[in-house]
Amino acid sequence: MECGAAAWALLERVRRSAPLVHCITNLVSMDLVANALLAAGASPAMVHSLREVPEFAPRAAALVVNVGTLSEPWLPAMRAAAAAAADAGRPWVLDPVAASASEFRMDACLGLLALRPTVVRGNPSEIIALASASRIRDAKGVDSSHESIDAVEAAKSLALSSGAVVAVSGAVDFITDGQNVIGAHNGVPMMRKITATGCAVTALIAAFVAVDPTNTLEATACALSIFGLAGELGMEMAKGPASLRMHLIDSLYGLDEKTVASRVRNKRVSLNSYLHLSK
Amino acid sequence: MECGAAAWALLERVRRSAPLVHCITNLVSMDLVANALLAAGASPAMVHSLREVPEFAPRAAALVVNVGTLSEPWLPAMRAAAAAAADAGRPWVLDPVAASASEFRMDACLGLLALRPTVVRGNPSEIIALASASRIRDAKGVDSSHESIDAVEAAKSLALSSGAVVAVSGAVDFITDGQNVIGAHNGVPMMRKITATGCAVTALIAAFVAVDPTNTLEATACALSIFGLAGELGMEMAKGPASLRMHLIDSLYGLDEKTVASRVRNKRVSLNSYLHLSK
Amino acid sequence: MECGAAAWALLERVRRSAPLVHCITNLVSMDLVANALLAAGASPAMVHSLREVPEFAPRAAALVVNVGTLSEPWLPAMRAAAAAAADAGRPWVLDPVAASASEFRMDACLGLLALRPTVVRGNPSEIIALASASRIRDAKGVDSSHESIDAVEAAKSLALSSGAVVAVSGAVDFITDGQNVIGAHNGVPMMRKITATGCAVTALIAAFVAVDPTNTLEATACALSIFGLAGELGMEMAKGPASLRMHLIDSLYGLDEKTVASRVRNKRVSLNSYLHLSK
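Protein chains in written order, with my numbering: chain A, 0 to 278; chain B, 0 to 278; chain C, 0 to 278.
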């Protein structure tokens with residue numbers, strides 16, 4: 000199937016089945032995450048209390064854990080939710096926001112990674128930091144943090160060590176299961192001037208993987224492309240980051256088959272062409 | 000008085016007196032709740048620490064308690080605020096978001112209900128769950144949760160058992176004190192695609208009841224209609240849920256007498272006509 | 000240098016150096032604060048856990064502490080962040096939201112004030128309350144809270160006692176180091192109908208002071224003018240508070256030299272002319 004047709008099929012499935020996405024996300028992103036999920040046709044539920052997470056998580060179709068405004072009281076609930084989702088066979092997605100901001104945060108991310116997320120999505124520095132820290136931990140203390148390491152190589156390494164599909168956001172998003180790499184080419188630079196767009200696309204990945212759990216790699220790439228395409232459409236009307244945010248959500252809500260089929264640009268990256276691209 | 004004229008009179012009173020509305024609301028909704036109150040002319044104050052709630056609550060004209068992102072540390076402050084508001088003779092409004100999401104949450108809602116909210120507003124499943132759970136508790140354990148129960152009947156039952164005016168949001172909003180039922184017909188379906196619109200209208204109810212405490216039933220209906228009308232006006236300009244959100248708030252701010260008087264559609268529902276409507 | 004040229008020079012410096020602004024801000028304002036900083040070219044980071052604040056604060060170029068939705072668990076992190084920023088020689092800005100809402104909150108504000116913020120920004124009632132409470136504390140209990148005290152005089156008094164530059168927002172913003180007073184004349188009244196605009200400008204002050212730490216008074220005035228000017232430009236397109244919010248952020252992002260140079264209106268206020276203005 001063409002990537003555009005595949006992306007449309009998944010978006011349609013999200014709209015039809017309205018998967019309940021359990022979000023434990025940061026305080027900055029709650030509004031945009033909820034509205035992005037609603038605009039895509041999914042059902043968001045923000046539930047972060049340890050008192051209800053174990054009971055609630057198995058009812059959801061997927062889980063997002065985002066450590067953006069991490070604090071100690073939230074961490075046990077994040078872990079419990081991840082464990083409950085995994086136990087119930089539900090996909091869950093980790094967004095290791097600013098993983099290297101502190102030792103506390105990196106430890107939290109590594110602990111969550113050990114609970115086997117289905118997908119990890121971050122920006123290059125987050126994925127590189129997480130991949131490096133994973134290897135340090137594996138190597139019992141050997142410091143590789145000063146190695147110059149490419150984000151895609153880090154993503155592949157992290158995918159292999161964690162068992163997760165790993166997505167690295169950037170001008171081109173790269174998604175890998177450790178063997179295969181897909182490049183997702185939609186999106187516009189101004190999206191980085193809007194807070195929480197990364198968090199929102201992470202939540203969208205959860206919705207897409209929820210409706211296609213056996214094709215995590217492709218579903219993740221489709222979610223990134225769909226969100227990026229909504230950004231491109233929004234950009235046609237935007238006069239700055241705040242109007243882009245509005246038009247992006249409106250566009251995500253209104254996406255039609257023709258636009259998705261013709262404008263989604265995902266493709267498998269061969270090692271050689273990737274190396275060429277990254278030069 | 001015609002319902003449009005009554006709604007306008009209350010909106011004018013909110014604009015003139017700018018009632019201070021104390022909000023303990025969920026983390027997703029804070030921005031929209033505050034902006035909706037400001038747009039209507041009220042003064043929002045988000046205060047959730049147990050250290051200041053007892054001192055602050057009596058100074059406010061009304062209180063909203065919304066359990067959307069409930070967690071243990073917030074619950075004692077919710078209870079203290081409700082008790083302080085009640086002691087000070089201030090109206091308070093409960094929004095039992097996702098009441099049946101967990102046992103913890105339902106227990107919290109029932110505990111808050113026992114503190115005698117002036118108004119309870121929820122969607123049909125929340126009101127049905129709360130009404131059922133109230134009866135279970137009253138009946139010391141008889142499980143009625145599988146009864147097929149109509150939302151308006153549930154609302155009437157909950158109103159009678161709790162002493163609150165109960166509002167059920169939907170295509171038509173129904174508001175009841177247990178005896179009388181008002182149907183509020185304003186609003187557009189796309190409002191359900193914007194997170195926190197329910198929370199925002201709950202806060203607006205608090206502002207309206209604050210300026211007309213002796214007519215809780217009508218004030219609640221007017222708040223729902225005014226918010227729904229702002230949604231209708233916003234919808235005339237919207238291209239999707241995010242622009243609807245913006246235009247709704249702009250419209251709420253700009254509502255004029257002529258529009259309110261001619262377009263608010265509330266009416267008392269007789270039992271027969273209601274049964275007819277619900278078929 | 001003309002005030003417009005000075006404001007443009009600072010905005011350019013923020014855009015070029017993208018100062019990392021560590022924000023411990025209230026739950027209502029997180030989205031707008033982050034988006035305002037991004038639109039101005041700065042890099043926001045919302046980090047509030049005591050577990051990472053001491054490690055993170057020194058890495059940031061500036062810190063904002065905003066007590067808007069204060070609760071006990073956040074206060075130690077606010078204090079630790081302020082202490083760490085001060086130790087590292089970083090500027091930090093205090094926003095004493097609703098300082099007089101409770102004894103707990105006023106005590107918290109006074110405790111933070113003792114950690115020597117670089118700038119304090121508030122509305123007149125907050126600055127008056129804080130100045131009065133500071134004097135009460137200094138005077139060991141003499142109650143001056145009923146004195147009729149002018150906001151600018153309160154700001155000067157607070158600046159002298161605390162060592163901070165103090166900014167009072169209003170129709171005209173006044174900024175003082177205790178000796179000099181600058182009046183910043185940009186802005187539109189409807190900005191007060193949008194929640195968190197005060198919090199956003201406080202964060203912008205941090206970004207501006209970060210890039211010009213030796214001219215705190217002027218940098219603070221420039222930040223207030225730039226934000227107010229973005230509001231004026233936004234107002235030209237706005238139909239209400241929600242569209243103003245969007246256009247304000249878009250305008251902040253798009254500000255150009257000509258507009259800033261010609262429309263920023265800051266000026267030193269002589270005592271006499273100030274007295275004249277305030278009559």
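From the three backbone atoms N, C-alpha and C, an ideal C-beta is built for every residue, glycine too. Values in this document were obtained by computation on a predicted structure and should not be read as measured data.
- Range of the contiguous alpha helix (DSSP H) that encloses B/Gly110: Your numbering for residue 110 of chain B matches position 111 in the second sequence. Per DSSP, B/Gly110 belongs to the alpha helix (DSSP H) from 102-112.
- Under the three-state DSSP convention, the category B/Ser224 falls into: Counting from 1 along the second sequence, the entry for residue 224 of chain B is found at position 225. In this structure, B/Ser224 counts as helix in the three-state DSSP scheme.
- Check whether the Cβ atoms of B/Ala286 and B/Val20 lie closer than 8 Å to each other. For residue 286 of chain B there is no data in the structure shown, the boundaries of chain B being 0 and 278.
- chain C residues whose Cβ lies nearer than 9 Å to that of A/Phe55: Reading the first sequence from its first residue, position 56 is the one you call residue 55 of chain A. Correct list: empty, because the minimum Cβ distance to chain C is about 22 Å.
- Cβ shell of A/Ala237 (< 6 Å), same chain only, five flanking positions each side left out: Numbered from its first residue, the first sequence carries residue 237 of chain A at position 238. Answer for A/Ala237: Leu243, His246, listed in chain order.
- Item | Amino acids of chain A, ordered along the chain, whose beta-carbon sits closer than 9 Å to that of C/Gly253 | Reading the third sequence from its first residue, position 254 is the one you call residue 253 of chain C. Result: Lys238, Gly239.
- Unbroken beta strand (DSSP E) run spanning A/Gly239, endpoints: Taking the first residue of the first sequence as 1, we reach residue 239 of chain A at position 240. Careful: A/Gly239 lies outside any beta strand (DSSP E) and carries neither H nor E.
- How many Å lie between C/Ala5 and C/Ser131 at the Cα? Indexing the third sequence from 1 puts residue 5 of chain C at position 6. Indexing the third sequence from 1 puts residue 131 of chain C at position 132. Their backbone Cα atoms lie some 33 Å apart in a straight line.
- In DSSP terms, what C/Gly253 is bridged to: As a working note, residue 253 of chain C is residue 254 in the third sequence. None, per the DSSP bridge assignment.
- Message: Going by DSSP, what residue range makes up the alpha helix (DSSP H) through B/Leu49?
- Response: What you label residue 49 of chain B is simply residue 50 of the second sequence in a count that begins at 1. No alpha helix (DSSP H) contains B/Leu49, which DSSP labels as neither H nor E.
- Message: Can you confirm whether A/Asp249, when its beta carbon is compared against all beta carbons of chain C, has any partner nearer than 8 Å?
- Response: On the first sequence, residue 249 of chain A is found 250 positions in, with the first residue counted as 1. Taking Cβ atoms only, chain C never reaches closer than 8 Å to A/Asp249, which makes this a no.
- Apart from the five residues on each side of it in sequence, which residues of its chain come closer than 6 Å, Cβ to Cβ, to A/Thr219? Your numbering for residue 219 of chain A matches position 220 in the first sequence. So the qualifying residues of the chain are Val118, Val164, Ala166, Ile174, Ile204.
- Item | DSSP-derived helix/strand/coil call for B/Ala5 | Residue mapping note: residue 5 of chain B aligns to position 6 of the second sequence, counting from 1. It is helical.
- Can you name the residues that DSSP bridges to A/Ile23? For the purposes of this step, residue 23 of chain A is taken as the residue at position 24 of the first sequence. According to DSSP, A/Ile23 bridges with A/Val64.
- Message: Taking the beta carbon of C/Ala41 as the centre, do at least 16 other beta carbons fall within 10 Å, making it buried, or is it exposed?
- Response: One-based indexing of the third sequence puts residue 41 of chain C at position 42. Per the 10 Å Cβ criterion, buried.
- Message: Going by DSSP in three states, C/Glu146 sits in which element: helix, strand or coil?
- Response: Numbered from its first residue, the third sequence carries residue 146 of chain C at position 147. Because C/Glu146 sits at a pLDDT of 38, beneath the cut-off of 50, its placement in the model cannot be relied upon, and the following sentence gives the value as read from the coordinates. Coil at C/Glu146, not helix or strand.
- Message: Would C/Ser129 and C/Ala150 be called neighbours here (beta carbons separated by less than 8 Å)?
- Response: Reading the third sequence from its first residue, position 130 is the one you call residue 129 of chain C. Reading the third sequence from its first residue, position 151 is the one you call residue 150 of chain C. What sits at residue 129 of chain C in the sequence shown is Leu, not Ser. Cβ distance not < 8 Å, so C/Leu129 and C/Ala150 don't count as in contact.
- Of all the beta strand (DSSP E) runs that stay within the bounds of the region 175-228 of chain A, which reach a length of 3 or more residues? 180-183
- Task: Below 6 Å CB to CB, which residues in the same chain sit around A/Ser70 once its five sequence neighbours on both sides are set aside?
- Result: Taking the first sequence and counting its residues from 1, the one referred to as residue 70 of chain A is at position 71. So the list is empty, once near-sequence residues are dropped.
- Would you mind telling me which residues of chain A sit closer than 9 Å to C/Val63, beta carbon to beta carbon, in chain order? Numbered from 1 along the third sequence, position 64 holds the residue referred to as residue 63 of chain C. Residues of chain A passing the Cβ test: none, with the nearest at roughly 14 Å.
- Assign A/Arg262 to one of three DSSP states: helix, strand, or coil. For the purposes of this step, residue 262 of chain A is taken as residue 263 along the first sequence, with counting starting at 1. DSSP places A/Arg262 in helix when its eight states are reduced to three.
- Is it the case that the Cβ atoms of B/Leu36 and B/Ala206 are separated by a distance below 8 Å? Translated into the one-based positions of the second sequence, residue 36 of chain B becomes position 37. Translated into the one-based positions of the second sequence, residue 206 of chain B becomes position 207. A contact, by the Cβ cut-off of 8 Å.
- Task: Indicate whether at least one CB of chain B lies closer than 8 Å to the CB of C/Gly104.
- Result: In the third sequence, the residue the question calls residue 104 of chain C occupies position 105. Sequence check: residue 104 of chain C is Arg here, not Gly. Interface residue, yes.
- Item | Within-8 Å CB hit, A/Ser101 to chain C | Numbered from its first residue, the first sequence carries residue 101 of chain A at position 102. Closer than 8 Å: yes.
- Item | Cβ-based burial, B/Ala56 [other Cβ within 10 Å; buried from 16] | Reading the second sequence from its first residue, position 57 is the one you call residue 56 of chain B. B/Ala56 should be labelled buried.
- Query: Between A/Leu49 and the rest of its own chain, which residues show a CB-CB distance below 8 Å, the 5 nearest in sequence each way excluded?
  - Reply: Position 50 of the first sequence, counted from the first residue, corresponds to residue 49 of chain A. Same-chain partners within the cutoff: Pro75, Ala76, Ala79.
- Item | As assigned by DSSP and simplified to three states, the class of B/Gly169 | Within the second sequence, residue 169 of chain B is the residue found at index 170, counting from 1. B/Gly169: coil per DSSP, three-state reduction.
- Query: Which stretch, first to last residue, makes up the beta strand (DSSP E) that contains C/Leu69?
  - Reply: If you number the third sequence from 1, residue 69 of chain C lands on position 70. No beta strand (DSSP E) holds C/Leu69; DSSP gives it neither H nor E.
- With 8 Å as the threshold, decide whether the Cβ of C/Asp30 is near any Cβ in chain A. On the third sequence, position 31 is the one that residue 30 of chain C refers to. It does; some Cβ of chain A falls within 8 Å.
- Task: Check whether the Cβ atoms of A/Pro240 and A/Met189 sit closer than 8 Å, and answer yes or no.
- Result: Taking the first residue of the first sequence as 1, we reach residue 240 of chain A at position 241. Taking the first residue of the first sequence as 1, we reach residue 189 of chain A at position 190. Yes, Cβ-Cβ distance for A/Pro240 and A/Met189 is below 8 Å.
- Name the chain B residues that come within less than 9 Å of A/His21, Cβ to Cβ? As a first step, residue 21 of chain A must be located in the first sequence, where it is residue number 22. Near A/His21 there are no residues of chain B at all, since even the closest Cβ is about 10 Å away, more than 9 Å.
- C/Leu69 touches chain B at which residues, Cβ-Cβ below 7 Å? Residue numbering aside, residue 69 of chain C sits at position 70 when the third sequence is read from its first letter. Ordered by position in chain B, the residues that pass the 7 Å Cβ test against C/Leu69 are Ser48.
- Task: Spatial neighbours of B/Leu114 within its chain, please: CB distance less than 7 Å, with the 5 preceding and 5 following residues excluded, ordered by chain position.
- Result: Stepping through the second sequence from its first residue, residue 114 of chain B is reached at position 115. So the qualifying residues of the chain are Arg78, Ala81, Ala82, Ala85.
- Task: Work out the CA separation of B/Ile127 and B/Ala154 for me, nearest whole Å.
- Result: As a first step, residue 154 of chain B is located in the second sequence; it is residue number 155 there, counting from the start. As a first step, residue 127 of chain B is located in the second sequence; it is residue number 128 there, counting from the start. Rounded to whole angstroms, B/Ala154 to B/Ile127 spans 7 Å at the Cα level.
- Item | Helix, strand or coil at C/Val119 according to DSSP, with G and I counted as helix | As a position in the third sequence, residue 119 of chain C is number 120, starting the count at 1. C/Val119: strand per DSSP, three-state reduction.
- Message: One question on the structure: do B/Gly177 and B/Leu159 come within less than 8 Å of each other, judged by their Cβ atoms?
- Response: Translated into positions along the second sequence, residue 177 of chain B becomes position 178. Translated into positions along the second sequence, residue 159 of chain B becomes position 160. Their beta carbons are under 8 Å apart, which means B/Gly177 touches B/Leu159 by this criterion.
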